[in-house]
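In our numbering, the protein residues as written are 14 to 435.
Ideal placement from N, C-alpha and C gives every residue a C-beta, glycine not left out.
Remember, predicted model here, so these are calculated numbers, not experimental data.
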């Protein structure tokens, strides 16, 4: 009798385990953008795996991408943002294939993608004058490739973003009018209705907060109103780092803080930076609601550089160092996780192609991990926890910058400055 009871118990346990595994598998397969965006268990990040000084000449291999994916997975990242699917730059397609392979190798590996389709105006990036009122004929192929990849990897691609900072008017090399973005958003939404693209793929455009109505009234057009109504959610960018130079009132140490220590002044400035980001986010929300629209708003980009020989360095706003990056990173994660906002933090790894002729240019140094395979201050705690144990980048184990010496790090940290020649 006792034996029969034990056998029955084992059978019940096995059925329970199989049932739980089946539910887990169904859950993973059924997850959509609606489930993962704004979910603090699914941290988001912007990702470019380029390690060399030229994207065209130094495309990362599948093995290198898998290296990076394992590192980001260890960091708790579950959603990546990519930027283009241009034929000469197969990075995004290779990222999707690398994720596909890792999922086959390890059933517990989970990663999703916000797939970007780059949008340009006519004559963008040529020796001809950009025509911002007409779009590039290349846009059609870019959208088609994004759709093909979304259909090829439906378990991975959960969002398609039409354009990156494609409407903001300071992007003088390539920006388009909102009607171009609207055209392609509507096109993708119609594909969903016709069953030619999964109905669960969310469609957006990722752009500066001002382009979503949170800034200059110049952007408040009928086409923008229609675009806000057409997307599944708004993907907005906010950069207090850049505004420490371009819009620096918030960055200035106020009179009532002059008595504070240098560290206290820096800490206070980073809290103001967080409030600045929240203010821009809320400005977008306010404009959206003024149109009678209520849909999710997530942060498609925000970040903080750690090296700069330009506007943000020692001769500029002095915003740049790893300590400030660490404070900003954790402030933004804390706020967005609490509020149910996805934050595609920019970015996972340093990329030196962005300003290849100027190694100390800030654009090369937004990563949380540098090109030496060193974790910067924001994620020193993850090194301490051992999450990178057994993982490498380019054959190098992940160690801490400054050899983990915070006192040495603080020697490079400067008090915010707004009194300099602009």
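Counting C-beta neighbours from all protein chains within 10 Å, is the total for residue i 16 or more, i.e. buried, or is it exposed?
| i | result |
| --- | --- |
| residue 24 | Here the model assigns residue 24 a pLDDT of 45, short of 50, so the residue's position is not dependable, and the following value carries that caveat. The residue is exposed, with fewer than 16 neighbouring Cβ atoms inside 10 Å. |
| residue 150 | exposed |
| residue 327 | exposed |
| residue 435 | exposed |
| residue 186 | exposed |
| residue 372 | exposed |
| residue 80 | buried |
| residue 117 | exposed |
| residue 299 | exposed |
| residue 143 | buried |
| residue 146 | exposed |
Measure the beta-carbon distance from residue i to residue j and round it to whole angstroms, keeping in mind my assumption that it falls under 8 Å.
| i | j | result |
| --- | --- | --- |
| residue 82 | residue 105 | Between residue 105 and residue 82 the Cβ distance is about 13 Å, and since that is not below 8 Å, they are no contact. |
| residue 309 | residue 240 | Contact flag wrong, Cβ pair sits at about 15 Å. |
| residue 128 | residue 179 | So it is not a contact: roughly 15 Å between Cβ atoms. |
| residue 55 | residue 366 | That pair is no contact at about 28 Å. |
| residue 400 | residue 88 | 7 Å |
| residue 313 | residue 249 | 6 Å |
| residue 218 | residue 194 | 5 Å |
| residue 360 | residue 154 | Their Cβ separation, rounded to whole angstroms, is 26 Å, which puts residue 360 and residue 154 out of contact at 8 Å. |
| residue 379 | residue 318 | 5 Å |
| residue 336 | residue 422 | 6 Å |
| residue 377 | residue 364 | 7 Å |
| residue 293 | residue 251 | 4 Å |
| residue 341 | residue 333 | Their Cβ separation, rounded to whole angstroms, is 11 Å, which puts residue 341 and residue 333 out of contact at 8 Å. |
| residue 391 | residue 338 | 6 Å |
| residue 103 | residue 72 | 6 Å |
| residue 227 | residue 297 | 4 Å |
Taking the Cβ atom as the reference point for each residue, do residue i and residue j lie within a distance shorter than 8 Å?
| i | j | result |
| --- | --- | --- |
| residue 152 | residue 215 | no |
| residue 316 | residue 375 | no |
| residue 343 | residue 51 | no |
| residue 430 | residue 330 | yes |
| residue 46 | residue 280 | no |
| residue 49 | residue 94 | no |
| residue 5 | residue 247 | The requested residue 5 does not occur in the structure, where the chain is confined to residues 14 to 435. |
| residue 406 | residue 84 | yes |
| residue 107 | residue 58 | no |
| residue 242 | residue 306 | yes |
| residue 278 | residue 428 | yes |
Confirm the yes/no value for this check: CB of residue i, any heavy atom of the ligand ZN, distance under 7 Å.
| i | result |
| --- | --- |
| residue 153 | As presented, the structure is devoid of all ligands, the ligand ZN included, so that no description of it is given. |
How about residue i: is its C-beta nearer than 8 Å to some C-beta of chain C?
| i | result |
| --- | --- |
| residue 286 | Absent here is chain C; the protein component of the structure consists of one chain. |
- Item | Segment contact flag, the stretch 223-232 with the stretch 263-281, C-beta cutoff 8 Å, min 3 pairs | Cβ pair count under 8 Å is below three, so no.
- At what residue ranges does the stretch 263-305 contain a whole run of the beta strand (DSSP E), taking only runs of 3 or more? If one requires a minimum length of 3 residues, no beta strand (DSSP E) run lies completely within the stretch 263-305.
- Task: Could you pull out every unbroken alpha helix (DSSP H) segment of at least 4 residues lying fully inside the stretch 130-183, listed in chain order?
- Result: Counting only runs that start and end inside the stretch 130-183, the alpha helix (DSSP H) elements of at least 4 residues fall at 151-165.
- Just checking, does the stretch 117-132 make contact with the stretch 168-175 on the three C-beta pairs under 8 Å criterion? With the cut-off at 8 Å, the stretch 117-132 and the stretch 168-175 touch.
- Minimum length 4: unbroken alpha helix (DSSP H) runs contained in the stretch 228-265: As far as the stretch 228-265 is concerned, its whole alpha helix (DSSP H) runs of at least 4 residues are 235-243, 253-259.
- Task: Please list the segments of the alpha helix (DSSP H) lying wholly inside the stretch 367-429, counting only runs of 4 or more residues, in order along the chain.
- Result: Runs found: 393-398, 419-423.
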